[in-house]
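**Student:**
Residue numbers (full-length UniProt numbering): 1 to 494.
(1) Going by other Cβ atoms of all chains shown within 10 Å of its Cβ, with 16 needed for buried, is residue 424 buried or exposed?
(2) Ends of the beta strand (DSSP E) at residue 443?
(3) Which ranges would you report for the beta strand (DSSP E) in the segment 417-493 if only whole runs of at least 3 residues count?
(4) Between residue 194 and residue 340, is the Cβ-Cβ spacing less than 9 Å?
(5) Can you tell me where the alpha helix (DSSP H) with residue 343 in it begins and where it stops?
(6) The beta strand (DSSP E) that contains residue 267, what's its start and end?
(7) Leaving out five residues on either side along the sequence, give the residues of the same chain with a beta carbon under 8 Å from the beta carbon of residue 120.
(8) Using 10 angstroms around the beta-carbon of residue 64, count the other beta-carbons present and answer buried if the total reaches 16, otherwise exposed.
(9) With distances taken Cα to Cα, identify the nearest neighbour of residue 305 among 287, 313, 294, 314.
(10) Are residue 497 and residue 152 touching if we call contact CB-CB under 9 Å?
(11) Hey, residue 322 and residue 331: beta-carbon distance below 9 Å or not?
(12) For the beta strand (DSSP E) containing residue 158, name the first residue and the last one.
(13) Taking the alpha carbon of residue 49 as the point to measure from, which residue in 239, 216, 298 has its own alpha carbon closest?
(14) Out of curiosity, what's the CA-to-CA distance linking residue 4 and residue 399?
(15) Contact criterion: CB-CB distance below 9 Å. Does residue 191 meet it with respect to chain B?
(16) Could you give the DSSP three-state label for residue 400: helix, strand or coil?
(17) Helix, strand or coil: how does DSSP classify residue 350 here?
(18) Mapping the DSSP letters down to three states, classify residue 364 as helix, strand or coil.
(19) Please list the terminal residues of the continuous alpha helix (DSSP H) segment that includes residue 81.
(20) Can you check which of these residues, 342, 147, 149, is closest to residue 204 by C-alpha distance?
(21) Given a threshold of 16 other Cβ atoms within 10 Å of its Cβ, counted over all protein chains shown, does residue 483 qualify as buried or as exposed?
(22) Anyone know if the C-beta pair for residue 219 and residue 112 falls short of 9 Å?
(23) Which class does residue 122 belong to by DSSP, given the choice of helix, strand or coil?
(24) May I ask you to report which of helix, strand or coil DSSP gives residue 274?
(25) Where does the unbroken alpha helix (DSSP H) through residue 370 begin, and where does it stop?
(26) Name, in chain order, the residues that DSSP records as bridge partners for residue 191.
(27) Per DSSP, what kind of secondary structure is residue 38 in: helix, strand or coil?
(28) Leaving out five residues on either side along the sequence, give the residues of the same chain with a beta carbon under 8 Å from the beta carbon of residue 178.
(29) If you draw a straight line from the C-alpha of residue 141 to the C-alpha of residue 122, how long is it?
(30) Using only the alpha-carbon positions, how far apart do residue 421 and residue 384 sit?
(31) Quick one, which of 239, 366, 267 has its alpha-carbon nearest residue 294's?
(32) Label residue 2 either buried or exposed according to how many other C-beta atoms from any shown protein chain fall within 10 Å of its C-beta, with 16 as the threshold for buried.
(33) Taking the beta strand (DSSP E) that residue 389 belongs to, which residues open and close that run?
(34) What is the rounded straight-line gap between the Cα of residue 375 and the Cα of residue 237?
(35) Between which two residues does the alpha helix (DSSP H) holding residue 213 run?
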């Protein structure tokens, strides 16, 4: 996965894959590839190159470090780095209130603490070429220049993807700068804490701090207060998950604790103008049919189907980050919390989405499509304005990988239009999915109630089975771990 943001590593891996690339090319030409009629050659080759990067042959720490490699700041973008100071523990306590209110029973989680949150203000920089460097001025002055090029009142609060353990705002700069260009709005891209060293709910606490920092700027901020109804939450993959669980946290707190103390002020809990998502990861158990049915179009490899054997955690080479002590089977959360609504939004009852602001969701014909579509279906059923677009044959987060393609441009046009419409209050809700056919030849409107055949009850049962499999596997791992510790203690000389 680290090779996705490291050009040298990606080049080396590409050279090693030359035989596979020739095979893909040959099968595409004779129209015998699994994606024939749904993917062009560029898309097939992209999937072929990236898919091996999702293997577990590299230690977590090395993957994480490589994926956060900073490519530098140049070209048509402004980047102003900021650190929001650590607020009171009230922020963590508010998140705990939401977690406890939504508990299904038996979930456990770490106490993450509240820390300063780093972020990057990002905007499109007009009138420079692709090699232009930022001027040698202060971060505050960079922010002022950014605001001249991105003068719109709304702000996009962005959370990057990376399965909660990879990537960084620096890996998404080009994409969010393009989003800023198309909307005229500045983007605040958040460096939230990563798993496995910072499991759930660390990222959610950081996301909440970032959101409140926009509404009520703490000391040292460059920006003026941003009304909640001028904020758009946006993110891809795991970042899309984080948008949804932050929204669910806000919805819950409005019911159970409608204000929170933040840097000495009582701040009312208010909702953003909208949420714009790309390929959101809504089910951490990976229990939906599309993880298998759409694998041929995606670079995300399918999980093992639930067997009679115990669930095994990702088999990365051990390092200081993984496996954890005591052990978990999942990088992000304890097994007994996998279907908590603030871990897997797919598990949230549809009633919990009532009064949500408008939601935009786009995706490919990918592994995660079913879970996003079911979440959208639930929202639609309780009156949430929902706009959903699916691109035939496209892989996970394709818009960020193929920005300059027709599908990539259509991807950003749809997302940026929603961001502008949501703030202006002109989102046209639909109970349909807009299915965009191969090569953008045409579109079809499909009722959301028909795009996934499973009922809500069947979805819940799949989630329950997936979680239970992990719980049993984690119990056995921890049993072995504690038995070995007892054995070591008994062998020590007295």
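Every residue gets a Cβ at the ideal spot worked out from N, C-alpha and C, and that includes glycine. Treat the numbers as computed from the prediction; the structure is a model and nothing was measured.
**Tutor:** Taking the coordinates as given:
(1) exposed
(2) 443-447
(3) 432-436, 443-447
(4) No, the pair does not count as a contact, with Cβ atoms beyond the cut-off.
(5) First-last for residue 343: undefined, no H or E at that position.
(6) Taken as a continuous stretch (DSSP letters only), the beta strand (DSSP E) holding residue 267 covers 265-268.
(7) 79, 80, 81, 82, 169, 170, 173, 188, 189, 191
(8) Result: buried.
(9) 287
(10) Because the chain spans 1 through 494 in this model, residue 497 falls outside it and cannot be assessed.
(11) For residue 322 and residue 331, yes; Cβs fall inside 9 Å.
(12) 155-159
(13) 298
(14) Its pLDDT being 46, under 50, residue 4 is placed unreliably by the model, and the measurement read from it follows with that caveat. When rounded, the distance between both Cα atoms is 14 Å.
(15) In the structure shown, chain B cannot be found, because there is only a single protein chain.
(16) helix
(17) It is helical.
(18) strand
(19) DSSP places residue 81 in no alpha helix (DSSP H) but in the uninterrupted beta strand (DSSP E) bounded by 77-84.
(20) The candidate whose alpha carbon is nearest that of residue 204 is 342.
(21) exposed
(22) No, these two residues do not count as a Cβ contact at 9 Å.
(23) strand
(24) strand
(25) 369-381 is the span of the alpha helix (DSSP H), which, as asked, contains residue 370.
(26) 118
(27) Coil at residue 38, not helix or strand.
(28) 124, 403, 412
(29) 13 Å
(30) 15 Å
(31) 366
(32) Because residue 2 carries a pLDDT of 41, less than 50, the predicted location of this residue cannot be relied on, and no value is offered for it.
(33) 386-391
(34) Spanning the two alpha carbons is a distance of roughly 14 Å.
(35) 202-215
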